[in-house]
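Chains as they are written, first to last, in the working numbering: chain A, 1 to 585; chain B, 1001 to 1585.
Below is the structure:
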């Protein structure tokens, strides 16, 4: 080894030791006859002192070493005269005997500091330098720790990690599949998996009753902010279970991670039906770090002279504690916020519950103080509170009010990223009606089982009302995982395909080998998959997943460092029996 | 849970317990008024008894249940009258109260037994059933255990598992790359990684000084027997190390696995230079479970009247202990063996050292008994031994003799798959001369560092003699892993590219971002990668890797179960701006 110690481990007790350190120059300062170097590695920073009087040659060399040079330093540990209490090695320094330059460095294109001067694009291009920054490095280390914890938990629960194939079959509906031309099977293609869904179900048919995998998945879709064409799932499946068993098992996993990584004891996770989540928070992934529950006000506010409310399917609002003294300007900001195209509301009504007990509202002329009192009472509002009300089509209004609720939560500082609110959403609808095609689609996928209470009767009479045996895990308003109990009964599966408008033929074409496997003793089974990139970001209290991926792609799916994707040679195309079509730009 | 216990856990101490088991019908036997079912799950088999007298209905149902039905069984644990000592649950059985058929099964296309009646192709097509067989299931469980042990060892040694991208850049020489057309970047392609080599080196530049990853890699080459287009590597890299550090670290890993999984304490691994391996075993992956070292006999056997030996560059042989009594037929078999095209020798000379002290040879007429005595003495042969000798061009003869040595090892039962001989091969040549191109190629890759003793002088004067700072791990004659210390010095790298005939331009085009990264403080580093599929097969004493992969492909790269690769739709091709060229068959 080119070192005896790392740059993070020497302490006052090591004084007098002869050591060898290797690392990068974080900073070099010359103070007259002394040169100080902060030497950095993955584990920390240690101060190196070169003294003109001790060794002139080493001192002169040290003066020439600039940022990011790689050095091997030999010397003696000694106590510092002026200690740095901010770092664990801050009580000592190395009195240098010898320095070897292991490699010089050009001046990096941005500073290797938490607050770097490099822009996004530059940092992506030089990702290997960006990864040197503590804040990024820490994320990658966190990711490793979480992966280890997950594997150890799953292993202790008798789950087997089984690798499923990456070169699989493209399905006719797989428009979002990445495909891979096969040279050995010309004009044929593999697909990269969007998830190991079918394979993990096959593993259940095989009898591996507890499977998991931390695995890359691929989706060739237009990337929204913070989506990646390749992403990592914690993919899990169990046999001989009902929904409750799955929820208990993975509630255990998430609690384990919070306990191990953060020392947090999370209580039993709250559960909410999809209906309630939509009704009270306007979202299937409500952020419950704060309350501000929706209150429906059709009864209180319709039937007066305010046409907007009278014409609305739903009048609904939230109560912002202590905001009655919002200024005109602040209220206008909120109105502007809800009118943004991303939120899409027509307007916003406010009712201030003043400290003197009176009400002040943007719709004063339509309502009496008594009307407002009734509304306030429905909100359980107190003096000093601000009620914010929207109206319109039910679903759309709820979605808009959800955006406003989150905005108010942020404004009021109720969304601390290191507070954690974890809940299960259950009882999703099994089917979604598509107006264009005039048919039902599976909300998850066609192997999701209906809630036993709704099958078979309700599926016959009112398919849109059938609840799925499906569940999502939501943390701080983000969907972190989701899954379902699967159909294992052939009759039920055929019924389901029928409801979805598949012929037996088309079902076979799309799901052939899984369908066939189901004829050979498929056990009852269900599972879940978590977005690992997202889970990591939540543990770090961060919004973006990008900095939890060592080498991410940008929003166009490009790796700016490697300049991928890129053209390939004519020989390669030839071998694959492919030709390119011109692109109309 | 649809069970209280698994089918592998009930023991005599559980007698009297009311239990619920779920599993598959392994076997059902009707003995008059009793029906016995062997119920199987991942954990074992438990005997289920349905008694006509106890419950007529259950008994009648039981009679109808055939192989691979999935059952839920409720009943009471009781002691068996006739015990089965071969299985851990053999002392008890379940007296059934109730049976629920969770799912019926068609008769499987082959028996779910270790000795199945299903051929390779059928088993691949119904891989989900093949995986139910104990012998295959055990392999998958072994693989999981090894992966856990590897990760825990690496984690304890402060290695971070860091995921590298799957959608990377295709390099001009990447003829064996699988490519992935990008829809968002039309006419451009990603490549799937043949290994994360460049990314792990970048991680070293980033300062993550200990990286590993158990990761899928891809190679689109014509598949030899027992190669897979997707395979799994244990990929590792370390900074601030020399060769000795890497060997120590991973010798530790392999010892750990043998200790944990098999309770075997392996001693310090033998080391052998590539030159010695070729000279004494005719292979860079010698099987050292048995000795039978090559002995060179030019001195002893040339210069007599036997033209074949006199004309040969090399005369070399092995000594098979106790085989002097081989019959004519056995010796002919050996001659036929070496003449097979796969071995490619012209012939084989034998010298029997008879028990009476005389010698009998196929070349008796050219040599005296004294000549043979000298040869025997060089072999340290004893009475009863058989010496087998070949001659010709040195490299070719060694390779042929290697095949014969392995054959003799097998015939003599010296290659027990559960004996383990582990060794390091070191000092590989850095360069390989290519006669066709009239140029050197890197034996590993152009980032492999030369042995410090051979640089820079020998690289100038005799590049073909330069040893690489590279090493392979060989177990039982199979290369299980290999790696090298990498070049981190820019001067040395340029020198290397020059030797390989690259212009600076072409080097940049192929290795651009890694080359650039090396300008920003690359630390000294090196690493290794192990073939995980192969490692698993060696732990199980098996020859083929296929049964250690849950869903393998066949030798044409096809998944017979999913029928992949396959055609994709015109819409998909359209979206990717691709068209197919006709294939001349």
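We put the CB at the ideal spot given by N, CA and C, even for glycine.
Since the model is a prediction, treat every value here as computed from it, not as a measurement.
Selected residue, minimal CA-CA separation from residue i, among the options
i                      : options                           : result
residue 1044 (chain B) : B:1055, B:1092 and B:1079         : B:1092
residue 410 (chain A)  : A:195, A:467 and A:334            : A:334
residue 466 (chain A)  : A:377, A:441 and A:234            : A:441
residue 219 (chain A)  : A:391, A:229 and A:213            : A:229
residue 1133 (chain B) : B:1078, B:1024 and B:1098         : B:1024
residue 1439 (chain B) : B:1462, B:1499, B:1484 and B:1384 : B:1499
residue 1592 (chain B) : B:1540, B:1459, B:1126 and B:1529 : A query on residue 1592 (chain B) cannot be resolved here, the shown segment of chain B reaching from 1001 to 1585 and no further.
residue 1300 (chain B) : B:1372, B:1223 and B:1478         : B:1372
residue 215 (chain A)  : A:186, A:166 and A:170            : A:166
residue 308 (chain A)  : A:362, A:573 and A:323            : A:362
residue 1484 (chain B) : B:1376, B:1369, B:1472 and B:1248 : B:1472
residue 1248 (chain B) : B:1287, B:1328, B:1192 and B:1271 : B:1271
residue 1563 (chain B) : A:511, A:381 and A:275            : A:511
residue 559 (chain A)  : A:94, A:68 and A:128              : A:128
Beta-ladder partner(s) of residue i, from DSSP
i                      : result
residue 1034 (chain B) : B:1031 and B:1051
residue 296 (chain A)  : A:316
residue 1471 (chain B) : B:1426 and B:1483
residue 525 (chain A)  : A:239
residue 1566 (chain B) : A:189
residue 275 (chain A)  : The partner list for residue 275 (chain A) (beta bridge, DSSP) is empty, contrary to what the question assumes.
residue 181 (chain A)  : A:189
residue 1390 (chain B) : B:1316
residue 457 (chain A)  : Per DSSP, none; premise fails for residue 457 (chain A).
residue 369 (chain A)  : Note: residue 369 (chain A) sits in no beta bridge, so no partner.
Cutoff 6 Å; reference residue i; Cβ partners in own chain excluding five residues on either side
i                      : result
residue 1389 (chain B) : 1317 and 1349
residue 241 (chain A)  : 526
residue 258 (chain A)  : 264 and 266
residue 320 (chain A)  : 386 and 408
residue 1260 (chain B) : 1149
Buried or exposed (CB count within 10 angstroms, at least 16 for buried), residue i
i                      : result
residue 107 (chain A)  : exposed
residue 452 (chain A)  : exposed
residue 1418 (chain B) : exposed
residue 556 (chain A)  : exposed
residue 1448 (chain B) : buried
residue 1056 (chain B) : exposed
residue 1181 (chain B) : buried
residue 263 (chain A)  : exposed
residue 456 (chain A)  : exposed
residue 553 (chain A)  : buried
residue 426 (chain A)  : buried
residue 1524 (chain B) : buried
Own chain residues within Cβ distance below 7 Å of residue i, not counting five before or after
i                      : result
residue 53 (chain A)   : 33
residue 136 (chain A)  : 130 and 547
residue 269 (chain A)  : 251, 422, 423 and 424
residue 1079 (chain B) : 1012, 1015, 1091 and 1092
residue 235 (chain A)  : 195, 196, 200, 212, 213, 215 and 529
Cβ shell of residue i (< 8 Å), same chain only, five flanking positions each side left out
i                      : result
residue 1443 (chain B) : 1428, 1429, 1430, 1431, 1432, 1468 and 1470
residue 1088 (chain B) : 1008, 1011 and 1044
residue 1194 (chain B) : 1174, 1176, 1177, 1217, 1218 and 1219
residue 536 (chain A)  : 139, 142, 143, 146, 545 and 548
residue 1306 (chain B) : 1363, 1366 and 1367
beta-carbon residue i near the ligand MG non-hydrogen atom, thresh 8 Å
i                      : result
residue 1211 (chain B) : As presented, the structure is devoid of all ligands, the ligand MG included, so that no description of it is given.
Should the segment 246-261 of chain A be called in touch with the segment 153-164 of chain A, which here means at least 3 C-beta pairs below 8 Å? yes
Any contact of the segment 393-407 of chain A with the segment 337-349 of chain A, i.e. 3+ C-beta pairs under 8 Å? yes
Can at least three beta-carbon pairs, one atom from the segment 74-88 of chain A and one from the segment 107-120 of chain A, be found at a separation below 8 Å? no
Taking one C-beta from the segment 1509-1519 of chain B and one from the segment 1568-1582 of chain B each time, how about it: are there three or more such pairs within less than 8 Å? no
Are the segment 374-392 of chain A and the segment 343-358 of chain A touching by the rule of at least three beta carbon pairs closer than 8 Å? yes
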